[in-house]
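Peer 1: Heads up: the protein sequence lines correspond to chains L and A, in order.
Per UniProt numbering, the first sequence starts with residue 1, numbered consecutively.
Per UniProt numbering, the second sequence starts with residue 1, numbered consecutively.
2 protein chains.
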Amino acid sequence: MSAAAAPCALCRDDGGLLLWRDGAWRVVRALGAEVAGAPAWYRVIASAHVAEWSDLDEAARARAMALVVTVERCLRQTLAPTKVNLAALGNLVPHLHWHVIARFDWDPHFPAPVWAPPQRAADPERLAAVHAELARCDAAIVAALSAPG
Amino acid sequence: MSAAAAPCALCRDDGGLLLWRDGAWRVVRALGAEVAGAPAWYRVIASAHVAEWSDLDEAARARAMALVVTVERCLRQTLAPTKVNLAALGNLVPHLHWHVIARFDWDPHFPAPVWAPPQRAADPERLAAVHAELARCDAAIVAALSAPG
Chain L
1 MSAAAAPCAL
11 CRDDGGLLLW
21 RDGAWRVVRA
31 LGAEVAGAPA
41 WYRVIASAHV
51 AEWSDLDEAA
61 RARAMALVVT
71 VERCLRQTLA
81 PTKVNLAALG
91 NLVPHLHWHV
101 IARFDWDPHF
111 PAPVWAPPQR
121 AADPERLAAV
131 HAELARCDAA
141 IVAALSAPG
Chain A
1 MSAAAAPCAL
11 CRDDGGLLLW
21 RDGAWRVVRA
31 LGAEVAGAPA
41 WYRVIASAHV
51 AEWSDLDEAA
61 RARAMALVVT
71 VERCLRQTLA
81 PTKVNLAALG
91 NLVPHLHWHV
101 IARFDWDPHF
111 PAPVWAPPQR
121 AADPERLAAV
131 HAELARCDAA
141 IVAALSAPG
C-alpha cells in the first residue's frame with residue numbers, strides 16, 4: 001500500500017511541520033487547531049505503525065526517549081515554559097507518537113492538561129511572543145538532533 | 001521538613017494505593033475521583049521531588065521507563081485494554097510521575113484523553129468487570145516488579 005493510501009494518518013502524513021527524521025523516527029511541530037491552546041507543541045513519531053510503547057524493544061524505547069528529552073531540553077532552553085508535558089496516548093491514531101508540549105502558566109488550559117476545557121481566553125500578546133520564538137526553537141531541535149552523537 | 005508537612009502532595013502522600021517501592025520510585029494505583037472515567041489508572045512516581053523528565057539522568061530515565069513498561073504490560077495482559085495511555089504532565093503537582101492508564105473503547109472519555117469532557121455515561125457493568133480484575137492486575141505488577149532482575 002502506498003503511503004498516500006494508508007488508512008493511518010501518521011503513516012500517510014508527517015503529522016506536522018517536519019523538522020528532522022531518520023529511518024525510525026521523525027520530529028514535527030504541530031500545526032493544527034491544537035496549537036491555539038499550546039503554541040509550542042512538538043511530536044516524536046515512530047516511522048513504523050506500532051501502537052503501544054511496550055511493543056518496542058528496549059533499544060527503540062531508549063532511542064525514542066533520547067529524542068523526547070532532546071526536544072524537551074530545546075523547549076526549556078528557548079521558551080522557558082512553566083512545565084513540559086509528555087504524553088503517548090494514541091486512542092484516535094494508534095501509531096506511536098510522543099507529544100512534547102511546552103506549557104505556560106498563562107496558557108488557556110493551564111494548569112489542566114491541554115485536552116481539558118480551557119480555563120481562560122487566549123492571551124494574544126503572549127501567544128505572539130511564543131510564536132516569535134518558535135523558529136529558534138525549531139532550529140535548536142534540528143541542530144541538536146543533527147549533531148554527531 | 002517532615003514528609004507530613006511537605007507542601008507537595010507527592011512528597012507528603014503515596015498518591016494512591018501503594019503497590020511497590022524502592023529507594024527511587026514507587027508504583028501506585030489511583031484511588032481518587034479520576035478512576036470514575038478510567039478504572040485502571042496507575043502511576044510510577046519518583047521518590048525525589050524533581051519536576052521535569054529531562055532533569056533526570058539517562059540511567060534514572062531508563063529505570064523509570066522499565067517500570068512504566070512493566071506496568072503497561074501487566075495492564076495489557078490482565079485487562080486487555082483497547083489502548084494504554086502514558087503521560088507525565090505535572091502542571092498541578094510538579095513532582096515527576098508517569099500516568100499509565102488502561103483505556104477501553106466503552107469508557108466515558110474514549111477515544112478522547114481522560115482529561116477531556118466525557119463523551120458518554122459510564123457503563124456500570126463493564127466498569128464492575130474491570131474493577132473485579134484490578135486485584136489480579138495489582139498482583140501481576142507487584143510480582144513483575146519484585147522478580148529478580
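Built from N, CA and C at the ideal position, the CB exists for glycine as well.
Predicted model only: the values in this text are computed from it and were never measured.
1. Can you give the beta carbon distance from Val84/A to Ala102/A, rounded, assuming they're within the 8 angstroms contact cut?
2. In terms of alpha-carbon separation, which member of Ala116/A, Ala30/A, Pro7/A, Glu58/A lies closest to Cys137/A?
3. Just to confirm the assignment, what range does the beta strand (DSSP E) spanning His97/L have?
4. Evaluate contact between the stretch 40 to 47 of chain L and the stretch 76 to 96 of chain L, counting only Cβ atoms and requiring at least three cross-stretch pairs below 8 angstroms.
5. Ends of the beta strand (DSSP E) at Leu92/L?
6. Counting only beta-carbon atoms, is Val84/A nearer than 8 angstroms to chain L?
7. Leaving aside the five residues before and after Asp107/L along the sequence, list all residues of the same chain whose C-beta is less than 7 angstroms from its C-beta, in chain order.
8. Tell me the rounded alpha-carbon separation between residue 166/L and Ala88/L.
9. Under a three-way DSSP split, which group does Ala128/L fall into?
10. Give me the Cα-Cα distance between Leu127/A and Leu134/A, rounded to the nearest whole angstrom.
11. DSSP on Leu19/A, reduced to helix/strand/coil?
12. Near Ala132/A, what residues of its chain come up, given a Cβ to Cβ distance below 6 angstroms and the 5 sequence neighbours on each side ignored?
13. Are there 16 or more other CB atoms within 10 angstroms of the CB of Leu79/A, so buried, or fewer, so exposed?
14. Does DSSP put Ala87/A in a helix, a strand or coil?
15. Compile a chain-ordered list of the residues in the stretch 84 to 99 of chain L whose CB is closer than 7 angstroms to at least one CB of chain A.
16. Under 7 angstroms Cβ to Cβ from Arg76/L, same chain only, skipping five residues before and after it: list those, please.
17. By Cβ distance, which residues of its chain are closer than 6 angstroms to Asp14/A, with the 5 residues on each side in sequence left out?
18. List the residues that DSSP assigns as beta-bridge partners of Ala46/A.
19. Listing by chain order, which chain L residues have their CB less than 8 angstroms from the CB of Phe110/A?
20. Contact criterion: CB-CB distance below 8 angstroms. Does Pro113/L meet it with respect to chain A?
21. What residue range is occupied by the uninterrupted alpha helix (DSSP H) comprising Arg63/A?
22. From what residue to what residue does the alpha helix (DSSP H) around Cys11/L run?
23. Quick one: does Glu52/A have its CB under 8 angstroms from some CB of chain B?
24. In chain order, what residues of the same chain have a beta carbon less than 8 angstroms from the beta carbon of Ala144/L, not counting five sequence neighbours either side?
25. Run down chain L in chain order and give the residues with a C-beta less than 9 angstroms from the C-beta of Glu72/A.
26. Shorter than 8 angstroms from the beta carbon of Val69/A to some beta carbon of chain L?
Peer 2: A quick look at the data gives this:
1. Against the second sequence, residue 84/A aligns to sequence position 84. Against the second sequence, residue 102/A aligns to sequence position 102. Indeed, because the Cβ distance is near 6 angstroms, the residues count as touching under 8 angstroms.
2. By one-based count along the second sequence, residue 137/A stands at place 137. When only C-alpha atoms are compared, the closest one is Ala30/A.
3. In the first sequence, residue 97/L corresponds to position 97, counting from 1. For His97/L, the uninterrupted beta strand (DSSP E) run begins and ends at 97 to 103, by DSSP.
4. Judged by Cβ distances under 8 angstroms, the stretch 40 to 47 of chain L makes contact with the stretch 76 to 96 of chain L, as three or more pairs qualify.
5. Taking the first sequence and counting its residues from 1, the one referred to as residue 92/L is at position 92. Here Leu92/L belongs to no beta strand (DSSP E), and DSSP marks it neither H nor E.
6. Numbered from its first residue, the second sequence carries residue 84/A at position 84. With 8 angstroms as the cut-off, Val84/A counts as an interface residue toward chain L.
7. If you number the first sequence from 1, residue 107/L lands on position 107. Closer than 7 angstroms at Cβ, skipping near neighbours: Gly37, Ala38.
8. The structure shown has nothing for residue 166/L, since chain L only spans 1 to 149.
9. Locating residue 128/L in the first sequence gives position 128, where the first residue counts as 1. Ala128/L: helix per DSSP, three-state reduction.
10. For the purposes of this step, residue 127/A is taken as the residue at position 127 of the second sequence. For the purposes of this step, residue 134/A is taken as the residue at position 134 of the second sequence. If you draw a straight line from the Cα of Leu127/A to the Cα of Leu134/A, it is about 11 angstroms long.
11. Taking the first residue of the second sequence as 1, we reach residue 19/A at position 19. Residue state, collapsed to three classes: strand.
12. Taking the second sequence and counting its residues from 1, the one referred to as residue 132/A is at position 132. If the five residues before and after Ala132/A are omitted, its C-beta is found closer than 6 angstroms to no C-beta atom of its own chain.
13. In the second sequence, the residue the question calls residue 79/A occupies position 79. By the neighbour-count criterion, in which 16 or more other beta carbons inside 10 Å mark a residue as buried, Leu79/A falls on the buried side.
14. Position 87 of the second sequence, counted from the start, is the residue given in the question as residue 87/A. Of the three classes helix, strand and coil, the one that applies to Ala87/A here is strand, per DSSP.
15. For the stretch 84 to 99 of chain L, the set of residues with a beta-carbon nearer than 7 angstroms to any beta-carbon of chain A comprises Val84, Asn85, Leu86, Ala87, Ala88, Leu89, Gly90, Asn91, Leu92, Pro94, in chain order.
16. Taking the first sequence and counting its residues from 1, the one referred to as residue 76/L is at position 76. Answer for Arg76/L: Val84, listed in chain order.
17. For the purposes of this step, residue 14/A is identified with residue 14 of the second sequence, where counting begins at 1. Closer than 6 angstroms at the Cβ level, and outside the excluded window around Asp14/A, lie Val28.
18. Translated into positions along the second sequence, residue 46/A becomes position 46. According to DSSP, Ala46/A bridges with Trp25/A.
19. To locate residue 110/A, count along the second sequence from 1; it is residue 110. Per Cβ cutoff of 8 angstroms: Asn91.
20. Counting from one through the first sequence, the residue named residue 113/L turns up at place 113. Interface residue, yes.
21. Counting from one through the second sequence, the residue named residue 63/A turns up at place 63. Note, Arg63/A: alpha helix (DSSP H), 58 to 79.
22. As a working mapping, residue 11/L is identified with position 11 in the first sequence. Annotation for Cys11/L: the continuous alpha helix (DSSP H) segment containing it runs 9 to 12.
23. Any reference to chain B falls outside this structure, whose protein chains are L and A.
24. As a first step, residue 144/L is located in the first sequence; it is residue number 144 there, counting from the start. Counting only residues of its own chain and dropping the five nearest sequence neighbours on each side, Ala144/L has a CB closer than 8 angstroms to the CB of Thr70, Arg73, Cys74.
25. Your numbering for residue 72/A matches position 72 in the second sequence. The answer, in chain order, is Glu52, Trp53, Ser54.
26. Working through the second sequence from its first residue, we reach residue 69/A at position 69. Yes, Val69/A counts as interfacial toward chain L.
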